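Structure, as structure tokens:
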Amino acid sequence: MAIIFKPSPSLPPPVASVGAVAWVRQNLFSSPLNIFLTLFSLYLMYLLIPPIIEWGFINATWEGTSKAACTGGGACWAFIVVYFDQFMYGLYPEAETWRINLAVILLIVMVGAFAIKTINKLHLSLAIIFAYPVVAYFLFAGGIFGLEVVETSLWGGLFLTVLLGVIGIVASFPLGVVLALGRRSDMPIARSVCVVFIETIRAVPLITILFMASVMIPLFLPEGLNFNKLLRVLIGITLFSAAYMAEVVRGGLQAIPKGQYEAADAMGLTYWQSMVLVILPQALKLVIPGIVNSFIALFKDTTLVYIVGMFDFLGRIQAANHDANWLGTTVEGYAFAGFVYWAICFGMSRYSMALERKLETGHKRN
Amino acid sequence: MSDKTTPSNNSFLNDAGNRALIFQIVLLAMVVFAGYYLFSNLQSNLDNRGISTGFSFFNEPAGFPILIHLIEYTEANTYGRAFFVALINTFVISLLGIVLATIIGVIMGLARLSKNWLVARLATVYIETLRNIPLLLQMFFWYFAVLAALPAPRDSYEFADFLLNKRGIYSPNPIAQDGFGLVIFGFILSIVASIGLVIWAKKRQTKTGLWFPAYWSSLGVIVGVTLLFLAVSGFPIEFDLPQKSRFNVTGGMVLPPEFVAVLVALSTYTGAFIAEIVRAGILSVNWGQTEAARSLGLRDNLTQRLIVLPQALRVIIPPLTSQYLNLAKNSSLGAAIAYPELVAVVMGTTLNQTGQAIETIGLCMLVYGSLSLSISVFMNWYNSKMSLIER
Numbered sequence: 001m002a003i004i005f006k007p008s009p010s011l012p013p014p015v016a017s018v019g020a021v022a023w024v025r026q027n028l029f030s031s032p033l034n035i036f037l038t039l040f041s042l043y044l045m046y047l048l049i050p051p052i053i054e055w056g057f058i059n060a061t062w063e064g065t066s067k068a069a070c071t072g073g074g075a076c077w078a079f080i081v082v083y084f085d086q087f088m089y090g091l092y093p094e095a096e097t098w099r100i101n102l103a104v105i106l107l108i109v110m111v112g113a114f115a116i117k118t119i120n121k122l123h124l125s126l127a128i129i130f131a132y133p134v135v136a137y138f139l140f141a142g143g144i145f146g147l148e149v150v151e152t153s154l155w156g157g158l159f160l161t162v163l164l165g166v167i168g169i170v171a172s173f174p175l176g177v178v179l180a181l182g183r184r185s186d187m188p189i190a191r192s193v194c195v196v197f198i199e200t201i202r203a204v205p206l207i208t209i210l211f212m213a214s215v216m217i218p219l220f221l222p223e224g225l226n227f228n229k230l231l232r233v234l235i236g237i238t239l240f241s242a243a244y245m246a247e248v249v250r251g252g253l254q255a256i257p258k259g260q261y262e263a264a265d266a267m268g269l270t271y272w273q274s275m276v277l278v279i280l281p282q283a284l285k286l287v288i289p290g291i292v293n294s295f296i297a298l299f300k301d302t303t304l305v306y307i308v309g310m311f312d313f314l315g316r317i318q319a320a321n322h323d324a325n326w327l328g329t330t331v332e333g334y335a336f337a338g339f340v341y342w343a344i345c346f347g348m349s350r351y352s353m354a355l356e357r358k359l360e361t362g363h364k365r366n
Numbered sequence: 001m002s003d004k005t006t007p008s009n010n011s012f013l014n015d016a017g018n019r020a021l022i023f024q025i026v027l028l029a030m031v032v033f034a035g036y037y038l039f040s041n042l043q044s045n046l047d048n049r050g051i052s053t054g055f056s057f058f059n060e061p062a063g064f065p066i067l068i069h070l071i072e073y074t075e076a077n078t079y080g081r082a083f084f085v086a087l088i089n090t091f092v093i094s095l096l097g098i099v100l101a102t103i104i105g106v107i108m109g110l111a112r113l114s115k116n117w118l119v120a121r122l123a124t125v126y127i128e129t130l131r132n133i134p135l136l137l138q139m140f141f142w143y144f145a146v147l148a149a150l151p152a153p154r155d156s157y158e159f160a161d162f163l164l165n166k167r168g169i170y171s172p173n174p175i176a177q178d179g180f181g182l183v184i185f186g187f188i189l190s191i192v193a194s195i196g197l198v199i200w201a202k203k204r205q206t207k208t209g210l211w212f213p214a215y216w217s218s219l220g221v222i223v224g225v226t227l228l229f230l231a232v233s234g235f236p237i238e239f240d241l242p243q244k245s246r247f248n249v250t251g252g253m254v255l256p257p258e259f260v261a262v263l264v265a266l267s268t269y270t271g272a273f274i275a276e277i278v279r280a281g282i283l284s285v286n287w288g289q290t291e292a293a294r295s296l297g298l299r300d301n302l303t304q305r306l307i308v309l310p311q312a313l314r315v316i317i318p319p320l321t322s323q324y325l326n327l328a329k330n331s332s333l334g335a336a337i338a339y340p341e342l343v344a345v346v347m348g349t350t351l352n353q354t355g356q357a358i359e360t361i362g363l364c365m366l367v368y369g370s371l372s373l374s375i376s377v378f379m380n381w382y383n384s385k386m387s388l389i390e391r
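Residue numbers (full-length UniProt numbering), protein chains in the order written: chain A, 1 to 366; chain B, 1 to 391.
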């Protein structure tokens, strides 16, 4: 009778090397230093998180008309609730705020229409870039179709912040691309004009540019010709952002191998054809993270208009902090502002990551 | 398409060189014309408003106080002196900010790479929060929400001889007594000695391969010799301790809340960006380098110091430079919370009082321009020193 070797079933791995226990051992308690760091982090979290939750949610007051209503000892969110409209629209007349809402809804619908497969995307883009701004301008400013005129000095709050950000982004992008192309050009005069412009702007802080826009531009214009402060500040922001955009795009242009330029030339394409059809699509795709980063920087920088006396989102919060009925609600105001700015900027950066993945096509050979 | 050999293709305008020339002439003409137009407008505007140009106002008394001044300054001093006070304030906050931001950035960048899951997550939260909130808002938060909520002087928090209250951070002020020169002499002597020690250790290592802990022993030499000289000369330092009274604090050194708020906001904000740069730099070094170092028998900290760090620095330095530049430029936001730096004093108060818009704004741009230029020149020099020498 032959003896048949029968392996006994393998033992399960030790408890300490699989599952949650192993994970905790490896990631939190692998060495004395790690144990110390873990305990220290836990202590830090214990110090910070429970008080914040208690302050922000458990003891918070959500309703009331003055600071006196907030008796819970926690956050006084009633302040935000009461001032919400002002934070959003600034001093825009309350009866007219539907115009801002309408413009926002219109934009969302137009952008959302990209999802419809049968729609002509080129026409839609053109409509968003050229037709929408005109419609939005007349909605905001009024003056036609019996819409009440609203002075730009009344524009404010998150509305103004988003307006400055979006216009700055949209206007600075093409300007930045042109400046980057100019800096890479073979023509010495064009190149030096671009270099001087880009380097001058990048060397100075945005505040000086904004001061220049609000104080110096009137001095440089002929007597009588004067345009409004919002427009001047917008020009300042756009020029500033364009210089940074130009450097980002230049990085992309430099990363494109010379063969691409030469191939475009060999095909007999003109300069603009080779740029628009061959070089820029590749270069821009490479620098999407950089472009989005400068958009985020621009969006955060719009807060600086407060220093030249415009009441954007942060400006309105700052103004509301001085309300005698609501003294002592500074932290709530800043927390709300911080959350809104954070959500928008963080959203943009996540979107850029998604976009990067989606456009990831070339350069890797399959 | 009709005729493939049309001679008109060789016309003057179809030549690329000629077209470039014409385009550039037009561009130059436009720039010159725009410059001339703006300048002539400026001239006539200034004439109409009766503003005289020039920096003669620099010699007039300023008449406004500056809260924080490191050189002697009173209201009777000139605008010129006020300018220098502000300039020094800008430099001080930028330099301290750069140092602090670098420390925070390196710690946070390493923490985000930590093998400890919890530490890495906490560092990520820190970085992603601070990077995505505007700096101005953070400054307001520190100034109006945190520092303004501190107790009044009589209820100050006390740590040893330090006081913390609404008016700032008070610390003992060391005052040098007779014989302090000897201590300074000892300090300089110890630094010279430790430089000598490092050079000797390096030479010996190249010659014999024997290693000597030069940096730790230099530290010991500096501290030891300085302490020795202090003891020999009989501790010639007295401390002026801050004393709190009912409404104020007398004596001691003070860091005003404006200064603290700007410094904290600048360094934590820029630190978050530097952390990402440090992380990217370290990740950019190929893992094979670490493995090779280990197979050579290098210990972990030597692997980091001799192999990974020098290679990571090459990737880190260029973006780090632009963060330093950003920090220097962002120090101008201090104007919004009344930290008397360049923008607040020159483009704020001086501009309001004298109306010299062109001079004040131009001067500020010039200063920031040269500040940016000098930082980038220094960092370029450092970069070329660190960069890979290819043969």
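We treat Cβ as the ideally placed atom computed from N, Cα and C, and that holds for glycine. Being a predicted model, the structure only gives us computed values, none of them experimental.
Checklist line | Beta-carbon contacts of I337(B) that lie in its chain and below 8 Å, excluding the five residues immediately before and after | finding: Your numbering for residue 337(B) matches position 337 in the second sequence. Counting only residues of its own chain and dropping the five nearest sequence neighbours on each side, I337(B) has a CB closer than 8 Å to the CB of M139, F140, Y143, F144, E258, A261, V262.
Check: Which same chain residues, not among the five before or five after M1(B), have their C-beta less than 7 Å away from its C-beta?
Finding: Walking along the second sequence from the start, residue 1(B) turns up at place 1. Because M1(B) carries a pLDDT of 44, less than 50, the predicted location of this residue cannot be relied on, and no value is offered for it.
Check: Which chain A residues sit within Cβ distance under 7 Å of L27(B)?
Finding: Mapped onto the second sequence, residue 27(B) falls at position 27. Neighbours of L27(B) on chain A, chain order: I189, A190, V193.
Notebook entry, point to check: Roughly how many whole angstroms lie between the Cα atoms of L11(A) and A2(A)?
Noted result: Position 11 of the first sequence, counted from the first residue, corresponds to residue 11(A). Position 2 of the first sequence, counted from the first residue, corresponds to residue 2(A). Approximately 27 Å between the Cα atoms of the pair.
Checklist line | Which of helix, strand or coil DSSP assigns to W326(A) | finding: In the first sequence, the residue the question calls residue 326(A) occupies position 326. DSSP places W326(A) in helix when its eight states are reduced to three.
Item checked: chain A within 8 Å of M379(B), Cβ atoms only -> In the second sequence, counting from the first residue as 1, residue 379(B) sits at position 379. Not closer than 8 Å to any Cβ of chain A, the Cβ of M379(B) fails to qualify, so no.
Next item on the list: Under 8 Å between beta-carbons, which chain A residues line up against N330(B)? List them in chain order, please.
Entry: Stepping through the second sequence from its first residue, residue 330(B) is reached at position 330. Correct list: P205.
Margin query: Classify I237(A): buried if its beta carbon has 16 or more other beta carbons within 10 angstroms, exposed otherwise.
Written below: On the first sequence, position 237 is the one that residue 237(A) refers to. Classification for I237(A): buried.
Next item on the list: Look at the Cβ atom of N165(B), then the Cβ atom of A152(B), and state whether they are nearer than 8 Å.
Entry: For this step, residue 165(B) is matched to residue 165 along the second sequence. For this step, residue 152(B) is matched to residue 152 along the second sequence. Taking 8 Å as the Cβ cut-off, N165(B) and A152(B) qualify as a contacting pair.
Next item on the list: Buried or exposed for F336(A), please, with buried defined as at least 16 other CB atoms from any protein chain shown within 10 angstroms of its CB.
Entry: Counting from one through the first sequence, the residue named residue 336(A) turns up at place 336. The residue in question, F336(A), is buried, as its Cβ has 16 or more Cβ neighbours within 10 Å.
Check: Taking C-beta to C-beta, are A78(A) and W55(A) nearer than 8 Å?
Finding: Here the question's residue 78(A) lines up with position 78 in the first sequence. Here the question's residue 55(A) lines up with position 55 in the first sequence. In this structure, A78(A) lies away from W55(A), with their beta-carbon atoms at least 8 Å apart.
Checklist line | Coil, strand or helix - M347(B) by DSSP | finding: Residue mapping note: residue 347(B) aligns to position 347 of the second sequence, counting from 1. DSSP places M347(B) within a helical segment (H, G or I) once states are collapsed to three.
Check: So, is the C-beta of residue 393(B) closer than 8 Å to a C-beta in chain A?
Finding: Outside the shown range of chain B (1 to 391) lies residue 393(B), about which nothing can therefore be said.
Next item on the list: Output the residue ranges of the alpha helix (DSSP H) runs that lie fully inside the region 171-214 of chain A and measure 4 residues or longer, sorted by chain position.
Entry: The DSSP assignment places complete alpha helix (DSSP H) segments of no fewer than 4 residues inside the region 171-214 of chain A at 188-203, 206-211, in order along the chain.
Next item on the list: Measure from the alpha carbon of E60(B) to the alpha carbon of each residue in V192(B), S40(B), A76(B), then state which is nearest.
Entry: Against the second sequence, residue 60(B) aligns to sequence position 60. With distances taken between Cα atoms, E60(B) lies closest to A76(B).
Margin query: Less than 8 Å between C-beta atoms, sequence neighbours within five positions excluded: which residues of the same chain meet that for Y368(B)?
Written below: Position 368 of the second sequence, counted from the start, is the residue given in the question as residue 368(B). Closer than 8 Å at Cβ, skipping near neighbours: A328, K329, S332, L342.
Item checked: Partner residues on chain A for residue 392(B), Cβ-Cβ distance less than 8 Å -> With chain B covering 1 to 391 only, the question about residue 392(B) has no answer from this structure.
Next item on the list: Could you tell me the boundaries of the beta strand (DSSP E) in which G168(B) lies?
Entry: As a position in the second sequence, residue 168(B) is number 168, starting the count at 1. Counting along the chain, the beta strand (DSSP E) containing G168(B) begins and ends at 168-171.
Margin query: Does the CB of F220(A) have a neighbour CB from chain B at under 8 Å?
Written below: Stepping through the first sequence from its first residue, residue 220(A) is reached at position 220. Closer than 8 Å: yes.
Check: On the three-state DSSP scale, how would you describe V254(B)?
Finding: Indexing the second sequence from 1 puts residue 254(B) at position 254. In the structure shown, the three-state DSSP call for V254(B) is strand.
Note to self: If we require 3 or more residues per run, which beta strand (DSSP E) segments fall completely within the region 84-110 of chain B?
What the structure shows: The region 84-110 of chain B contains no whole beta strand (DSSP E) run of 3 or more residues.
Checklist line | Listed by chain order, chain A residues near I358(B) by CB distance under 8 Å | finding: In the second sequence, residue 358(B) corresponds to position 358, counting from 1. By Cβ distance, chain A contributes M216, L219.
Next item on the list: Examine the Cβ distances between the region 128-141 of chain A and the region 254-264 of chain A and report whether three or more of them are shorter than 8 Å.
Entry: No, the region 128-141 of chain A is not in contact with the region 254-264 of chain A.
Notebook entry, point to check: Which residues share a DSSP beta bridge with E158(B)?
Noted result: Position 158 of the second sequence holds residue 158(B). Beta-bridge pairing links E158(B) to L163(B).
Item checked: Per-residue DSSP class, three states only, for G73(A) -> The residue you call residue 73(A) lines up with position 73 of the first sequence. Here G73(A) sits in coil by DSSP.
Check: When you compare only the Cα positions, how much space is there between M347(B) and T360(B)?
Finding: Here the question's residue 347(B) lines up with position 347 in the second sequence. Here the question's residue 360(B) lines up with position 360 in the second sequence. Put simply, the backbone Cα of M347(B) is about 6 Å away from that of T360(B).
Checklist line | Status (buried if at least 16 other CB within 10 Å, exposed otherwise) for V82(A) | finding: Position 82 of the first sequence, counted from the first residue, corresponds to residue 82(A). Classification of V82(A): buried, given that the 10 Å Cβ count is 16 or more.
Next item on the list: Give a yes or no on whether the minimum CB-CB distance between K364(A) and chain B is below 8 Å.
Entry: Locating residue 364(A) in the first sequence gives position 364, counting from the first residue. Note that K364(A) scores a pLDDT of 49, beneath 50, so its modelled location is shaky and nothing firm can be said.
Next item on the list: Please name the residue in Y351(A), L47(A), K121(A), I207(A) whose C-alpha comes closest to that of G334(B).
Entry: To locate residue 334(B), count along the second sequence from 1; it is residue 334. Of the listed residues, the one whose Cα sits closest to G334(B) is I207(A).
Check: In this structure, what does DSSP give as the bridge partners for F239(B)?
Finding: Here residue 239(B) refers to the residue found at position 239 when the second sequence is read from its first residue. P174(B).
Check: Quick one: Cα of A324(A) to Cα of L130(B), how far?
Finding: The sequence position of residue 324(A) within the first sequence is 324, counting from 1. The sequence position of residue 130(B) within the second sequence is 130, counting from 1. Between A324(A) and L130(B), the C-alpha separation is close to 30 Å.
Checklist line | R121(B) Cβ short of 7 Å to the ligand GTP heavy atom set | finding: No copy of the ligand GTP occurs in the structure displayed, which carries no ligand at all.
Next item on the list: Go to D301(A), then tell me how far its alpha helix (DSSP H) extends in each direction, as first and last residue.
Entry: In the first sequence, residue 301(A) corresponds to position 301, counting from 1. Start and end: 288-301.
Checklist line | Within chain B, the residues that W326(A) reaches when beta carbons sit closer than 8 Å | finding: Mapped onto the first sequence, residue 326(A) falls at position 326. Within 8 Å Cβ-Cβ: nothing; W326(A) doesn't reach chain B, min ~13 Å.
Notebook entry, point to check: Which whole runs of the alpha helix (DSSP H) in the region 118-152 of chain B are 4 residues long or more, in chain order?
Noted result: With a minimum length of 4 residues, the continuous alpha helix (DSSP H) runs that stay inside the region 118-152 of chain B are 135-140.
Note to self: Looking at I175(B): is its Cβ nearer than 8 Å to the Cβ of E72(B)?
What the structure shows: Taking the second sequence and counting its residues from 1, one reaches residue 175(B) at position 175. Taking the second sequence and counting its residues from 1, one reaches residue 72(B) at position 72. No, the pair does not count as a contact, with Cβ atoms beyond the cut-off.
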